[in-house]
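**Student:** Residue numbers (full-length UniProt numbering): 1 to 131. All residues carry an ideal CB built from backbone N, CA and C; glycine is no exception. One structure follows; several queries about it will come next.
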């Protein structure tokens with residue numbers, strides 16, 4: 001899997017692709033990071049509370065209204081993330097439908113390398129297994 005990711009990064013660099021900060025996936029990533037941070041904080045507080053840390057216990061159990069507020073905020077964040085995921089899935093489906101036409105426009109490897117198929121096979125066969 002690491003090799004696949006490395007190849008994708010190499011290809012993106014070759015094509016001069018960059019991240020678009022205004023893309024919905026970047027906002028989704030930010031939201032996910034916020035939820036992840038909240039969950040980690042809650043987990044840390046729970047561990048501290050279980051080990052007898054009184055201030056952590058007080059923060060964790062400071063009242064039902066704050067718990068309800070926290071649940072409401074978390075639920076809202078999850079709904080927002082879910083909506084953004086649905087939009088991304090819709091965009092991905094649209095991209096997949098355009099993929100065959102895009103692939104059809106890509107010239108064959110022999111044309112891009114400006115080599116005959118026989119020359120390509122010859123060069124591939126002449127390389128060692130470790131190259």
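#1: Report yes or no: do the region 40-58 and the region 100-112 share at least 3 C-beta pairs separated by less than 8 Å?
#2: So the candidates are 94, 116, 30 and 110; which of them puts its Cα closest to the Cα of residue 77?
#3: Does the Cβ-Cβ distance between residue 21 and residue 84 come in under 7 Å?
#4: May I ask you to report which of helix, strand or coil DSSP gives residue 4?
#5: Quick one: what does DSSP say residue 138 is sitting in, helix, strand or coil?
#6: Excluding the 5 residues preceding and the 5 following residue 28 in the sequence, name in chain order all residues of the same chain whose CB lies nearer than 8 Å to its CB.
**Tutor:** Taking the definition as stated:
#1: no
#2: Cα-wise, what sits closest to residue 77 is 30.
#3: no
#4: In this structure, residue 4 counts as helix in the three-state DSSP scheme.
#5: The structure shown does not extend to residue 138, since the chain spans only 1 to 131, so no value can be given for it.
#6: 81, 84, 85 and 88
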